[in-house]
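Visitor: In the numbering used here, the protein residues as written are 140 to 1051.
All residues carry an ideal CB built from backbone N, CA and C; glycine is no exception.
In this text, all values refer to a predicted model and were calculated from it rather than measured experimentally.
Input: one structure, supplied below.
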Amino acid sequence: MDHYDGEGNYMQQEDDWDRDLLLDPAWEKQQRKTFTAWCNSHLRKAGTQIENIEEDFRDGLKLMLLLEVISGERLAKPERGKMRVHKISNVNKALDFIASKGVKLVSIGAEEIVDGNAKMTLGMIWTIILRFAIQDISVEETSAKEGLLLWCQRKTAPYKNVNIQNFHISWKDGLGFCALIHRHRPELIDYAKLRKDDPMTNLNTAFDVAEKYLDIPKMLDAEDIVGTARPDEKAIMTYVSSFYHAFSGAQKAETAANRICKVLAVNQENEQLMEDYEKLASDLLEWIRRTIPWLENRMPENTMQAMQQKLEDFRDYRRLHKPPKVQEKCQLEINFNTLQTKLRLSNRPAFMPSEGKMVSDINNAWGNLEGAEKGYEEWLLNEIRRLERLDHLAEKFRQKAAIHEAWTEGKEDMLQKRDYETASLSEIKALLKKHEAFESDLAAHQDRVEQIAAIAQELNELDYYDSPSVNARCQRICDQWDALGALTQKRSEALQRTEKLLETIDQLYLEFAKRAAPFNNWMEGAMEDLQDTFIVHTIEEIQGLSTAHEQFKATLPEADKERQAILGIHNEIAKIVQTYHVNMAGTNPYTTINPQEINTKWDKVRQLVPQRDQALIEEHARQQNNERLRRQFANQANVIGPWIQTKMEEIGRISIEMHGTLEDQLTHLRQYEKSIVNYKPKIDQLEGDHQLIQEALIFDNKHTNYTMEHIRVGWEQLLTTIARTINEIENQILTRDAKGISQDQLNEFRASFNHFDRDHSGTLGAEEFKACLISLGFDIANDAQKRTGIMDAEDFKTCLISMGYNLGENEFSRIMSIVDPNRMGIVTFQAFIDFMSRETADTDTADQVMASFKVLAGDKNYILADELRRELPPDQADYCIARMAPYTGPDAVPGALDYMSFSTALYGESDL
């Protein structure tokens, strides 16, 4: 419970003095005894004391005397009368004096004190104790109760069986009191003989020793503490505060120890940050090393399914594996900048990572990763397009090859027949005509054979995985086609030789054959076209196919007329045969095509037309859906892309403008960061739309110039930029607080930096930095001259000459080595602030730390391990012992340690 609010005023107490019934009788007894003893410890200096705390303060005289003793100030002259009004006047004077010290007395009035109200009187005395005995206690930037508790914890830390966590039950076993005495006066108590299970002995030992040797009156009895489940906190605090003041003489050594602890803590923290950076950098570089070969692997798969799986693996990499690494890279840069800032603020040398683990090395590796990533995605999409085209061509090849092979089946046997040798004249003539019809049919199939060869050639050019089987089948078809051509030519010559012997021919059969053959070929071509698979990517392409299909349907009436005409020829033949009783042996000698076949194929064509209609309608609907996906993605991308660009520009303006304090800028940036993070669902939604587009195999989008890659890169840059900008402001605040730089100084530094940062890049070149230093009053034209911050006439003349690029190079090189240790040729605003703060502020130095060690060593030139363990926390004492070199001076003793070389090593002036 701390009643002091840090501004000279006491906060409202815990209301325990406003509610009389809340005070436990046992606690009241302990408070009476403790407060009475405490008051008497001061009143005896004035030659008096009290016996009954609520009775002896009723007239206000001893109360005023107590306040004069503990404050060292004179109060107003008291009233010596015995009347009630005189007593109230004296008490009011005492209460007014307490109030003048910044104490707010809640529910405590002079009448209650005069009337002997025990609980109000105890409350008043507790308020006085808080103000004059506890308030001024300060340990490690904490005060009052917390400061007193921290002091107790630090002093009793070496004692394993003591654990001080509060001001009540932690003191019941008496070991806490004994530990405080033993820590400061070990000769007074044999601590090793104390037992935790004997609290009465422990408490009596501590109280008796304190009263006899430390001039601390006995404020409590051991029975008061042991016999209470929870001793009164105020009584314990009052008693313990007396120990604190009794041992305050050791404060000088404690202050020195605190300084060393602070310096060692900074060094340990920096070493841990260096180890964390090295590990994080190694892990990230190893992940990049493993990932790049995977992205550079361009071994294509043979099937669409396998390539789709590769694409899915790549999506998982982009969505699941890479984003955490982006965060790690950003965190690595932030850790590096924070570490360098802390090293500069504590006058330590700049941190140089291991070879190959600089931030620039990681950025280069990351750039190689993204280069491989971009090429990998492009390769995946091209391979998918290629396989899609290959599958389509392979299916088309198989269909045409199957149709052709079905047509050629038996043709070689037919051409090799020698039936003309025993045929009659009419049969010969019929054979001749039939052969002419076959030649017409053969010529009509020439286009299909050429198409088959062209498709096979394209499959080879596109590196189709099953090219050997395609080439073998194509070769068989071509060889067979050549053989058919040769056989056709040979049979034609044989028939022509015998033509002179043949006279009769049936013209109608010939006409039927000539007209039926192309019509049959047209029907087969129509069926082939109607069953042909197609692949399109836009609505325009499907509309073109639909237009061509409508044009085809428009030719069907004319084709039907041709079919009717061909069937009419056949009917006429039948009529002639029936009319003239012609003895026809077999079917039409000129062709194998018959009316039933024509009608069957015609019916098939009629059936395929509506099927083709349905396929085109379905494809048109799919293309409309693809167009909807394109527009859906474009509508979002055209909003998100400019939004990211706007946020980048706004963050850039905030980082160079000087509106408000650094805390205001930091708050503004964190609000921006929150709004940016809240925008993430829209990015995820766009990713979902992009996935739908890729799954639909959509490869272009005319409605937007933004691709998903643009959005991803912009988003990652936006997150990195806001994180870096926030880190820069936090480092500026850290620099300002550590160096004691005012806001006006920061504004002056920022204004000068922005004035010379003409390209708004956030950095200064060497010449810009030189001009900026001159504008702030730094005379760096003379290497040997000390900077005073002012320039006389001659200095100003030299400054102007320096503005003409005639500066002292040695001094300027020294400054550049501070602000640009990596020799990048540029100066960031953070490095500029660090340099200016080094020039305008002061921090701990090696000499100060060395002087602190000398205090702990009792003015010796060396220090012993026991002295370090007595004054420093265990972990930091061990840290010093492990790193301090043995002292080798003429006054050395066994176990002497050299704290001087250790102090210089902490600040990089020698090796640690």
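(1) Check whether the Cβ atoms of Tyr872 and Gly780 lie closer than 8 Å to each other.
(2) Would you say Lys284 touches the ligand PLP, meaning its beta carbon is less than 7 Å from a heavy atom?
(3) By Cβ distance, which residues of its chain are closer than 7 Å to Ala776, with the 5 residues on each side in sequence left out?
(4) Could you tell me which of Met963, Leu532, Pro1033 sits nearest to Asp671, measuring between CA atoms?
(5) When burial is assigned at 16 or more other CB atoms within 10 Å of the CB, is Val1032 buried or exposed?
(6) Please say whether Leu287 and Gln170 have beta carbons closer to each other than 8 Å?
(7) Let me make sure I understand the geometry here. Which of Gly366, Ala368, Leu319, Thr367 has the alpha-carbon closest to that of Thr344?
(8) Since Val748 contacts Lys692 with CB under 8 Å, what's their CB separation in whole angstroms?
(9) To which residues of the same chain is Gln292 closer than 7 Å at the C-beta, ignoring the five residues directly before and after it?
(10) Compute the beta-carbon to beta-carbon distance between Leu571 and Leu634, rounded to the nearest angstrom, for a pair I have assumed lies under 8 Å.
(11) By Cβ distance below 8 Å, which residues in the same chain neighbour Cys469 in space, the five residues on each side in sequence not counted?
(12) Applying the 10 Å Cβ sphere with the 16-neighbour rule, what's the burial state of Asp602?
(13) Tell me which same chain residues have a C-beta within less than 8 Å of the C-beta of Gly1034, skipping the five on either side of it?
(14) If I'm right that His688 touches Arg751 with Cβ under 8 Å, what's the distance once you round it to whole angstroms?
(15) Which of helix, strand or coil does DSSP assign to Ala1024?
(16) Could you check whether Ile678 and Glu766 sit closer than 8 Å to each other, using their CB atoms as the reference points?
(17) Going straight from the alpha carbon of Leu423 to that of Ile965, what length do you get?
(18) Classify Gly880: buried if its beta carbon has 16 or more other beta carbons within 10 angstroms, exposed otherwise.
(19) So, under 8 Å CB-CB, Ala576 and Tyr729 are touching, yes? Tell me the CB distance rounded to an integer number of Å.
(20) Which word fits Ile756, buried or exposed, when buried means at least 16 other C-beta atoms lie within 10 angstroms of its C-beta?
(21) For Gly997, does the three-state DSSP call read helix, strand or coil?
(22) How far does the beta strand (DSSP E) with Ile965 in it reach, from first residue to last?
(23) Thr874: buried (16+ other C-beta within 10 angstroms of its C-beta) or exposed?
(24) On a CA-only basis, which of Ser579, His574, Gln614, Lys573 is nearest Ala592? Give me that one, please.
(25) Taking the alpha carbon of Asn300 as the reference point, which residue from Ala272, Asp195, Pro338, Ile267 has its own alpha carbon closest?
(26) Could you tell me whether the Cβ atoms of Lys201 and Leu214 are closer together than 8 Å?
(27) Mark His894 as exposed unless 16 or more other C-beta atoms lie within 10 angstroms of its C-beta, in which case mark it buried.
(28) Using DSSP with H/G/I as helix, E/B as strand and the rest coil, what is Ile399?
(29) For Asn418, which residues in the same chain have their Cβ closer than 8 Å to its Cβ, ignoring the five residues on either side in sequence?
(30) Going residue by residue through the segment 529-566, where are the continuous alpha helix (DSSP H) segments of at least 4 residues, counting only ones entirely within it?
(31) Thinking just about the alpha-carbon of each residue, which of Leu206, Gly241, Ser210 is nearest to the one in Asn229?
(32) Going by the beta-carbon positions, is the gap between Val588 and Leu598 smaller than 8 Å?
(33) Taking only runs of the alpha helix (DSSP H) that begin and end inside the segment 664-731, which ones reach a length of at least 4 residues, in chain order?
(34) Is DSSP giving Asp254 helix, strand or coil here?
(35) Have a look at Ala923 and Ile954 and give me their C-alpha separation to the nearest angstrom.
(36) Determine, using beta-carbon pairs with one atom in the segment 216-236 and one in the segment 247-258, whether at least three such pairs fall under 8 Å.
Guide: The answer reads as follows:
(1) It should be noted that the sequence gives Ile, not Tyr, for residue 872. For Ile872 and Gly780, no; Cβs fall outside 8 Å.
(2) This structure lacks the ligand PLP, and indeed carries no ligand of any kind.
(3) Leu825, Thr843, Tyr845, Ile850
(4) Checking every option, the nearest Cα to that of Asp671 belongs to Leu532.
(5) exposed
(6) no
(7) Closest option to Thr344, Cα to Cα, is Leu319.
(8) About 6 Å separates the Cβ atoms of Val748 and Lys692, confirming a contact at the 8 Å cut-off.
(9) These residues qualify, in order along the chain: Ile303.
(10) 4 Å
(11) Leu858, Thr859, Ala862, Arg863
(12) exposed
(13) Once the five neighbours on either side are set aside, the close Cβ partners of Gly1034 are Leu1003, Ala1004.
(14) 6 Å
(15) strand
(16) yes
(17) 26 Å
(18) The residue you asked about is not Gly; residue 880 is Ile in the sequence shown. By the 10 Å Cβ count, Ile880 comes out buried.
(19) 5 Å
(20) exposed
(21) DSSP, read as helix, strand or coil, puts Gly997 in coil.
(22) 965-967
(23) Per the 10 Å Cβ criterion, buried.
(24) Comparing Cα-Cα distances from Ala592 to each of Ser579, His574, Gln614, Lys573, the minimum goes to Gln614.
(25) When each option's Cα is compared against that of Asn300, the closest is Pro338.
(26) no
(27) exposed
(28) helix
(29) Looking at the sequence itself, residue 418 is Lys, so the reference to Asn does not match. Hits under 8 Å: none found.
(30) 550-554
(31) Leu206
(32) no
(33) 678-693, 695-719
(34) In the three-state reduction of the DSSP assignment, Asp254 falls in the coil class, being assigned neither a helical nor a strand state.
(35) Residue confidence for Ala923 is low, a pLDDT of 36 falling below 50, so the modelled location carries little weight; the figure read from the coordinates is stated next. About 14 Å.
(36) Contact between the segment 216-236 and the segment 247-258 is established, with three or more Cβ pairs separated by less than 8 Å.
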